[in-house]
Amino acid sequence: MIVSISRSRSSEPHRVSRVATYSFVVGPLARVHVTFVDELKAYTDEAAIELVKEFLTESERATWENMQAQATRKMEWLLGRIALKDAVSEYILETQLTKIDAKTIEITRSEEGAPGVAWTNENSLPLPVISLAHTARVIVAAVASADAVGVDVEKADRLAPAVARVLTETETKLLAAGRITLLSAVVAKEAAAKAVGVGLGGDLRRWPIVHTEGSQHFVTFTDDEELALVVDFLEVPNLVLGVCVIV
Numbered sequence: 160m161i162v163s164i165s166r167s168r169s170s171e172p173h174r175v176s177r178v179a180t181y182s183f184v185v186g187p188l189a190r191v192h193v194t195f196v197d198e199l200k201a202y203t204d205e206a207a208i209e210l211v212k213e214f215l216t217e218s219e220r221a222t223w224e225n226m227q228a229q230a231t232r233k234m235e236w237l238l239g240r241i242a243l244k245d246a247v248s249e250y251i252l253e254t255q256l257t258k259i260d261a262k263t264i265e266i267t268r269s270e271e272g273a274p275g276v277a278w279t280n281e282n283s284l285p286l287p288v289i290s291l292a293h294t295a296r297v298i299v300a301a302v303a304s305a306d307a308v309g310v311d312v313e314k315a316d317r318l319a320p321a322v323a324r325v326l327t328e329t330e331t332k333l334l335a336a337g338r339i340t341l342l343s344a345v346v347a348k349e350a351a352a353k354a355v356g357v358g359l360g361g362d363l364r365r366w367p368i369v370h371t372e373g374s375q376h377f378v379t380f381t382d383d384e385e386l387a388l389v390v391d392f393l394e395v396p397n398l399v400l401g402v403c404v405i406v
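For the sequence shown, counting from 1, position 175 maps to 334 in the numbering used here; every step adds exactly one.
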């Protein structure tokens with residue numbers, strides 16, 4: 160079962176300007192938060208520094224300061240960390256009735272590049288698995304009390320004609336029948352790959368869609384024929400958004 164809640168938030172000085180935030184409950188295990196933000200170039204250096212002071216640990220701040228990247232890329236990285244910390248904090252408050260500070264958790268990254276979360280203090284409360292996705296002015300953070308979670312998002316007006324050339328025979332039939340779109344195929348494959356933790360590997364064909372049912376795409380993995388993954392699609396205006404939870 161998927162329940163969606165939308166709410167508006169007003170902007171505050173130096174804070175992330177949220178036009179609207181959508182929260183989804185995906186079954187009993189996962190939560191997905193979708194936040195619309197300002198154009199990255201609209202954030203001043205002063206605003207970024209205030210966000211860094213409020214949300215990042217010393218280690219995260221060092222990573223941010225040492226990034227050899229354009230200001231917009233650094234802002235994207237920063238907003239992603241904030242989105243994940245907000246999602247984890249709300250999840251812990253909801254599931255464990257405990258309020259935490261953003262600096263008591265740190266966003267980590269595996270060797271494969273997948274995000275994780277760890278305590279910076281001696282707190283022993285269990286932490287959820289996490290996943291992050293973004294597109295222009297949109298940040299999506301997913302958390303789950305499961306083995307893994309993967310999320311992906313695309314703007315609904317994005318063109319992806321090249322994807323049609325790498326569809327499987329089954330996917331081509333599903334496309335012709337209107338049961339998938341080129342964008343939903345890309346999002347489903349990416350979300351599934353993130354959940355498994357290995358990434359697309361540059362080949363969409365490694366993650367074939369074998370079936371659809373309602374708002375769900377069923378995805379398998381050519382490297383593990385026994386693996387069966389379900390990607391739920393969430394209804395957010397102007398977006399194609401999918402989440403995959405592995406239990």
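For every residue, glycine included, the Cβ atom is placed at its ideal position computed from N, Cα and C.
Check                                                                                                                                                 : Outcome
Given this structure, state the Cα-to-Cα distance separating Val399 from Val346, to the nearest angstrom.                                             : 7 Å
Could you compute how far the alpha carbon of Ala336 sits from the alpha carbon of Glu330?                                                            : 10 Å
Have a look at Val389, Thr381, Asp382 and flag the residue whose alpha-carbon is nearest the alpha-carbon of His370.                                  : Val389
Kindly indicate the opening and closing residues of the alpha helix (DSSP H) around Gly272.                                                           : Taken as a continuous stretch (DSSP letters only), Gly272 belongs to no alpha helix (DSSP H), as it is neither H nor E.
Can you give the beta carbon distance from Tyr250 to Pro274, rounded, assuming they're within the 8 Å contact cut?                                    : Contact flag wrong, Cβ pair sits at about 14 Å.
According to DSSP, is Leu188 helix, strand or coil?                                                                                                   : coil
Where do the ends of the alpha helix (DSSP H) carrying Asp391 lie?                                                                                    : That residue, Asp391, is in no alpha helix (DSSP H); its beta strand (DSSP E) goes 383-393.
Under a Cβ-count criterion, where at least 16 other Cβ atoms within 10 Å of its own Cβ denotes burial, should Ala387 be classed as buried or exposed? : exposed
Comparing the CB of Ala277 with every heavy atom of the ligand ADP, is any distance shorter than 7 Å?                                                 : The ligand content of the structure shown is nil, which means the ligand ADP is not present either.
Alpha carbon to alpha carbon, what distance is there between Leu393 and Ile161?                                                                       : Annotation note: pLDDT 49 at Ile161 (below 50); position unreliable, coordinate value reported separately. Answer to the nearest angstrom: the Cα atoms are 8 Å apart.
Assuming contact is defined by CB atoms lying nearer than 8 Å, are Ala344 and Val402 in contact in what I supplied?                                   : no
Per DSSP, which one or two residues make a beta bridge with Ala300?                                                                                   : His192, Leu291
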